[in-house]
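*Asks:* Below you will find the structure I want to go over with you.
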Amino acid sequence: MEDLMKDLAGAKPPTPEVNQDRMERDLARIVALPREKPARKVFVRRFAPLAVVAAVIALAVVVLPEPSPPVQPAAPGQWWRVLRQQSSLMVVGEPAKPYVVRFDSKTDQWQAGTREIAVVQKDGEVEPFSPDDDAKWEAAGRPEVVPQVGGSRWVRLGSMVPGAKESYVSGLSLTSMYWDRLESFDDLPADPAGILEKLKPEGKSTYQLAELVMAVLVADVRDDQRRAAFELLRSFDGVRYLDRVQLRDERVGVGVAIPAPPQFQFGDVETQFVINPDTGKPIVRRNIITKPQHGLAASTPISEEEYLLLEKTNVEPVLPLGVTVNSEVESPIIER
Amino acid sequence: MEEFSAVYRECYPRVLAYAASHAGARLAEDITSETFTIAWRKSGQMPSNALPWLLGIARNLVRAAVRQTTHYELTDFPADDDFAVIELRAALSTLSEADQEVLTLIAWHGLAAAEAAQVLGCTTATFFVRLHRARRRLQAALWTPKFDRARESWKTS
Chain A
0 MEDLMKDLAG
10 AKPPTPEVNQ
20 DRMERDLARI
30 VALPREKPAR
40 KVFVRRFAPL
50 AVVAAVIALA
60 VVVLPEPSPP
70 VQPAAPGQWW
80 RVLRQQSSLM
90 VVGEPAKPYV
100 VRFDSKTDQW
110 QAGTREIAVV
120 QKDGEVEPFS
130 PDDDAKWEAA
140 GRPEVVPQVG
150 GSRWVRLGSM
160 VPGAKESYVS
170 GLSLTSMYWD
180 RLESFDDLPA
190 DPAGILEKLK
200 PEGKSTYQLA
210 ELVMAVLVAD
220 VRDDQRRAAF
230 ELLRSFDGVR
240 YLDRVQLRDE
250 RVGVGVAIPA
260 PPQFQFGDVE
270 TQFVINPDTG
280 KPIVRRNIIT
290 KPQHGLAAST
300 PISEEEYLLL
310 EKTNVEPVLP
320 LGVTVNSEVE
330 SPIIER
Chain B
0 MEEFSAVYRE
10 CYPRVLAYAA
20 SHAGARLAED
30 ITSETFTIAW
40 RKSGQMPSNA
50 LPWLLGIARN
60 LVRAAVRQTT
70 HYELTDFPAD
80 DDFAVIELRA
90 ALSTLSEADQ
100 EVLTLIAWHG
110 LAAAEAAQVL
120 GCTTATFFVR
130 LHRARRRLQA
140 ALWTPKFDRA
150 RESWKTS
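Below is the structure:
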């Protein structure tokens, strides 16, 4: 196998010569362009902690694909685009010989007014998680469809089929009752107490409130609102502040950790939400296990949502070729 | 700005090589230029080891370019390579785009596994699984009857 890689290295196509003139010309042009301005540094240290009430009620976040009459396309510049790289782990196979598979895909979401277009399962794949899991899958005969451990469904390994959906709903659902909503972020206060009041804390648990605040942080809000939301999140009871989170790409973020309810096959879960301290924008939300489970070490992320893009854009939504909007999405999790 | 310029001059040839190998020499300079334009705008996010991050940007641009380009424009390998090389490239081209990327990031662009994982937006562990599988598929592609026949005729010619 190593020889194969050496042979492949030898088959590398010729590297084009660098045109020094063009390289320097491009550099001069590029550095004359404006840069994205970072927000004030260490803003997160400026706000004092707040005391917060906890309570009940379930919640759901955005995306309620209720059909409604077609509307005119958004004018240029109106889209709020969120590109997420999502992954999660699931234990599958025969209960006596379980192994772990990983779901990987992107969700590309554009919102303008009440209109939302979302591409799901983009670049999606389900595959064994580690080389050891790969070996177990091989030993099981490389099945394309495997049962969930402790669940009632099957999981299809391999590539996912992307889907697209268009819906007409805005703001943030504050409860499982979709009519109880924060319709607009425009009048969302820019102070933690004001935001908390808007989120109607009565009857919601700390974790439910934290999930709402995390949704606000990802939404199309102003920088001052986002900063206040993060301070609110940081102030909740039981939340631990993470003053330095080393990320895979060498970036360093700040974040919070909050105990989370059990997640299907996993107990002892903690949700971590990490932001860029310079811009205040979210970088990643992940659920990690705090104790070893199913052969996975403590601190392993069992699900992760990395925010690759969070920006206003003039670019119109790009749909994958051959995908019909609002046709049924073929999930990799199927009924037995 | 000096820091960006230093990264630019150091990484430019490798971004160019990446773009050329995936989108062809004709588009490579434009893709490289656009990569660094985006990098400049987002330079506040640039990590200290900038190459994987830059290749991640280039990768998205290559994908967009390839969607708009006919196949023949991308295939500009020299015709005078020896048969083994042609054969290997042909076998590589039968693999999925994802497998090709995994293999060439290591073999052609000299990235470490952790760096390549960063380009692809996955964990290092996941990358190793994909690499293992892609290698196996490349090996299998090389030993299909079609390639066996070609190899035999090459040996006896």
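Chains A and B, in that order, are what the protein sequence lines are.
First residue of the first sequence? That's 0 in numbering that gives the first Met the number 0, and the numbers climb one at a time after it.
First residue of the second sequence? That's 0 in numbering that gives the first Met the number 0, and the numbers climb one at a time after it.
By construction, the Cβ of each residue, glycine as well, lies at the ideal position given by its N, Cα and C atoms.
1. May I have the straight-line CA-CA distance separating F127/B from H293/A, to the nearest angstrom?
2. Counting only runs of 4+ residues fully inside the region 122-150 of chain A, write out the alpha helix (DSSP H) ranges in chain order.
3. Would you call Q110/A buried or exposed, if buried means 16 or more other Cβ atoms sit within 10 Å of its Cβ?
4. With a cut-off of 8 Å, does the C-beta of W142/B fall near any C-beta of chain A?
5. Would you list the one or two residues that DSSP bridges to D107/A?
6. Helix, strand or coil, according to DSSP, for R155/A in the structure here?
7. Tell me whether P12/B sits in a helix, a strand or coil according to DSSP, three-state version.
8. Does P161/A pass the burial test, meaning 16 or more other C-beta atoms within 10 Å, or should it be called exposed?
9. Using 8 Å as the limit for Cβ to Cβ distance, is F82/B near chain A?
10. If the cut is a Cβ gap below 7 Å, which residues of chain B does T205/A touch?
11. Rounded to whole angstroms, what's the CA-CA distance from Y7/B to Q207/A? Just pull it up for me.
12. Is P12/A buried or exposed, if buried means 16 or more other CB atoms sit within 10 Å of its CB?
13. Buried or exposed: where does E124/A fall if 16 or more other Cβ atoms within 10 Å of its Cβ makes it buried?
14. Looking at the C-beta of S104/A, does it have a partner C-beta in chain B at a distance below 8 Å?
15. Over the uninterrupted beta strand (DSSP E) stretch that includes F272/A, give me the two end residues.
16. Would R243/A pass as a contact of Y167/A if the rule is Cβ separation under 8 Å?
17. Does G92/A come out as helix, strand or coil in the three-state DSSP assignment?
18. Taking the beta carbon of E16/A as the centre, do at least 16 other beta carbons fall within 10 Å, making it buried, or is it exposed?
19. For chain A, find out if any of its Cβ atoms is closer than 8 Å to the Cβ of L110/B; answer yes or no.
20. Contact criterion: CB-CB distance below 8 Å. Does S92/B meet it with respect to chain A?
21. On the criterion of 16 or more Cβ atoms from any shown chain inside 10 Å, does G92/A qualify as buried, or is it exposed?
22. V324/A lies in the alpha helix (DSSP H); which residues open and close that run?
23. Consider the Cβ of A139/B: report whether some Cβ of chain A lies at a distance smaller than 8 Å.
24. With K164/A as the anchor, note down where its alpha helix (DSSP H) starts and where it stops.
25. Between the region 119-126 of chain B and the region 80-93 of chain B, do three or more beta carbon pairs fall short of 8 Å?
26. Within the continuous alpha helix (DSSP H) that includes G254/A, where are the two ends?
27. Step through the CB atoms of chain B and report whether any lies within less than 8 Å of the CB of R284/A.
28. Which same chain residues end up closer than 7 Å to F128/A when comparing Cβ atoms and leaving out the 5 residues on each side of it in sequence?
29. Check for me: the alpha helix (DSSP H) holding T312/A runs from which residue to which?
30. Apart from the five residues just before and just after N325/A, which ones in its own chain have a Cβ nearer than 7 Å to its Cβ?
31. I'd like to check one pair, A227/A with D190/A: are the Cβ atoms closer than 8 Å?
*Replies:* According to the data block:
1. 21 Å
2. 130-138
3. buried
4. no
5. L82/A, V118/A
6. strand
7. helix
8. buried
9. no
10. Chain B residues near T205/A: none, gap ~30 Å exceeds 7 Å.
11. 45 Å
12. buried
13. buried
14. no
15. 268-274
16. no
17. coil
18. exposed
19. no
20. no
21. buried
22. Careful: V324/A lies outside any alpha helix (DSSP H) and carries neither H nor E.
23. no
24. First-last for K164/A: 162-167, but that is the beta strand (DSSP E), not the alpha helix (DSSP H).
25. no
26. Taken as a continuous stretch (DSSP letters only), G254/A belongs to no alpha helix (DSSP H), being part of the beta strand (DSSP E) at 251-259.
27. no
28. L88, V99, V100, R101
29. Counting along the chain, T312/A falls outside any alpha helix (DSSP H), though it belongs to the beta strand (DSSP E) covering 300-312.
30. K164, E165
31. yes
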